[in-house]
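Reading through the structure tokens given below for one structure.
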Amino acid sequence: MFFTLHYLARPNSYLTVLHVFKYITFRSAMAAVTGFILVMVLMPLFIRFMRNRGFTEDTSKSDSDFLRETHASKKGVPTMGGAVLVVAIFMSGVMWTRIDNNLAFYGLFLFLGFGLLGFLDDFRKLRYAGVRGLSIRAKLLGQVLLGAAGGFVVMLESGPAGDALSFPLIKPDIFLPSLGFFFVLWGMLVLVAYSNSVNLADGLDGLAGGLLLEVMVTAAVLAYLAGHSGLSQYLQIPCVPQAGELTVLGAGAAGALLGFLWYNAHPAQVFMGDTGSLSLGALCGYIGLAAKFELLLVVTASVFVFEAVSVLIQILSFRLWGRRVFLVAPFHHHLERRGWPESRIVVRLWLVGVLAAIVSISLLKVR
57 MFFTLHYLAR PNSYLTVLHV FKYITFRSAM AAVTGFILVM VLMPLFIRFM
107 RNRGFTEDTS KSDSDFLRET HASKKGVPTM GGAVLVVAIF MSGVMWTRID
157 NNLAFYGLFL FLGFGLLGFL DDFRKLRYAG VRGLSIRAKL LGQVLLGAAG
207 GFVVMLESGP AGDALSFPLI KPDIFLPSLG FFFVLWGMLV LVAYSNSVNL
257 ADGLDGLAGG LLLEVMVTAA VLAYLAGHSG LSQYLQIPCV PQAGELTVLG
307 AGAAGALLGF LWYNAHPAQV FMGDTGSLSL GALCGYIGLA AKFELLLVVT
357 ASVFVFEAVS VLIQILSFRL WGRRVFLVAP FHHHLERRGW PESRIVVRLW
407 LVGVLAAIVS ISLLKVR
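Heads up, the sequence shown is in the working numbering, so the first residue is 57 and it goes up one at a time.
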């Protein structure tokens, strides 16, 4: 679609008014609208289909007696709604992103790859009784391979700073270390970490979707700044010319997440599942990695990070000392166990996420 409009808007054409389609800001807005509309149209059909097939949430598979009892009302709610998100974001990206931009082109298919991995995991849970999806080894292997591919693409396509690591609060002309081929390993680590942290936070109605919306909007803004030579020079951040096009992908994802929250807000009509959490987490990590903001996005995604860290602390504490730090992990379930209503937990963690996003943006000029 983009190339058709680009041709019609050539200088000698009477349709030069279409030159607006050349601007990243306009196409980002259209991508967000497209993603939102696609989800709003497709999700009711998906929910009906999943209910008719009996592909719904099974809370009996939880390891925690408390969670099985607390979330009993969620049984029978369709899951794997992330499949609609993946379709909507991919279609929005194809329609509005310049596919001659390699960072955006390969990013779309990397996103699709993580979505497929999550789909396989979700499908096994739904199709086979008593099965909890892919084995941990198979799931992690898939993430590692896809993450390494993402790191390799960013290293090749991000220009002179492709294999560099940028640190918040430090000017790139003072310290911008080059990792060489080790950047592939770094990229793999970033994508695996981001995808899993979102996956762990997907436990309450609207929680992961709302936090992802905040992170995705911030990531889109950061990608635009990194891709703009004037703004990147003013802010003294690494300039990655091709990264600007990732703004369109981030905006499309943000629009799709708005539509998803319409159906996922408490009480949820559909759940995201691994299909959505793995793919969207990886997309956040990929945008940050390509725009050289993967470390700054740790601040933006601090709620996701803390959720993942809470699980790690719980496991290590129990294995080393036989004690649990949290009543239940991840942290949002700890708050549930302490008697917090689900809606209060979700809204307050959203607010923390907004503050984290504001802080991360403000750190751009603190150098």
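Don't be surprised by glycine CBs; every beta carbon is placed ideally from N, CA and C.
Alpha carbon of residue i to alpha carbon of residue j, nearest angstrom
{"i": "Gln292", "j": "Ser251", "result": "29 Å"}
{"i": "Gly174", "j": "Phe111", "result": "15 Å"}
{"i": "Val209", "j": "Leu202", "result": "11 Å"}
{"i": "Leu168", "j": "Leu281", "result": "25 Å"}
{"i": "Leu197", "j": "Leu190", "result": "11 Å"}
{"i": "Val367", "j": "Val359", "result": "13 Å"}
{"i": "Pro397", "j": "Val403", "result": "10 Å"}
{"i": "Leu313", "j": "Val422", "result": "31 Å"}
{"i": "Gly163", "j": "Gly206", "result": "7 Å"}
{"i": "Ala249", "j": "Gly132", "result": "30 Å"}
{"i": "Ala27", "j": "Val355", "result": "The structure shown does not extend to residue 27, since the chain is modelled only from 57 to 423, so the question has no answer here."}
Backbone secondary structure at residue i - three-state DSSP
{"i": "Thr112", "result": "strand"}
{"i": "Ser285", "result": "helix"}
{"i": "Ser234", "result": "strand"}
{"i": "Ala412", "result": "helix"}
{"i": "Pro134", "result": "strand"}
{"i": "Ala385", "result": "coil"}
{"i": "Ala21", "result": "With the chain covering only 57 through 423, there is no way to say anything about residue 21."}
{"i": "Ala324", "result": "coil"}
Residue burial classification, residue i (beta-carbon count within 10 angstroms, cutoff 16)
{"i": "Leu76", "result": "Looking at the sequence provided, one finds Val at residue 76 rather than Leu. Exposed, because fewer than 16 other Cβ atoms sit within 10 Å of the Cβ of Val76."}
{"i": "Glu213", "result": "buried"}
{"i": "Asp154", "result": "Here the sequence assigns Arg to residue 154, which means Asp is not the residue at that position. Under this definition Arg154 is a buried residue."}
{"i": "Leu156", "result": "The identity of residue 156 in the sequence shown is Asp, whereas the question assumes Leu. Exposed, because fewer than 16 other Cβ atoms sit within 10 Å of the Cβ of Asp156."}
{"i": "Ser84", "result": "buried"}
{"i": "Pro233", "result": "exposed"}
{"i": "Pro323", "result": "exposed"}
{"i": "Leu411", "result": "exposed"}
{"i": "Gly236", "result": "exposed"}
{"i": "Trp152", "result": "buried"}
{"i": "Glu125", "result": "exposed"}
{"i": "Thr81", "result": "exposed"}
{"i": "Tyr319", "result": "buried"}
{"i": "Gln199", "result": "buried"}
N- and C-terminal bounds of the alpha helix (DSSP H) containing residue i
{"i": "Tyr342", "result": "Gly329 to Ala346"}
{"i": "Val354", "result": "Leu352 to Thr356"}
{"i": "Asp178", "result": "Asn158 to Arg183"}
{"i": "Ala310", "result": "Leu302 to Asn320"}
{"i": "Lys195", "result": "Ile192 to Glu213"}
Whole-number beta carbon distance between residue j and residue i, since they are thought to touch under 8 Å
{"i": "Ser416", "j": "Thr274", "result": "6 Å"}
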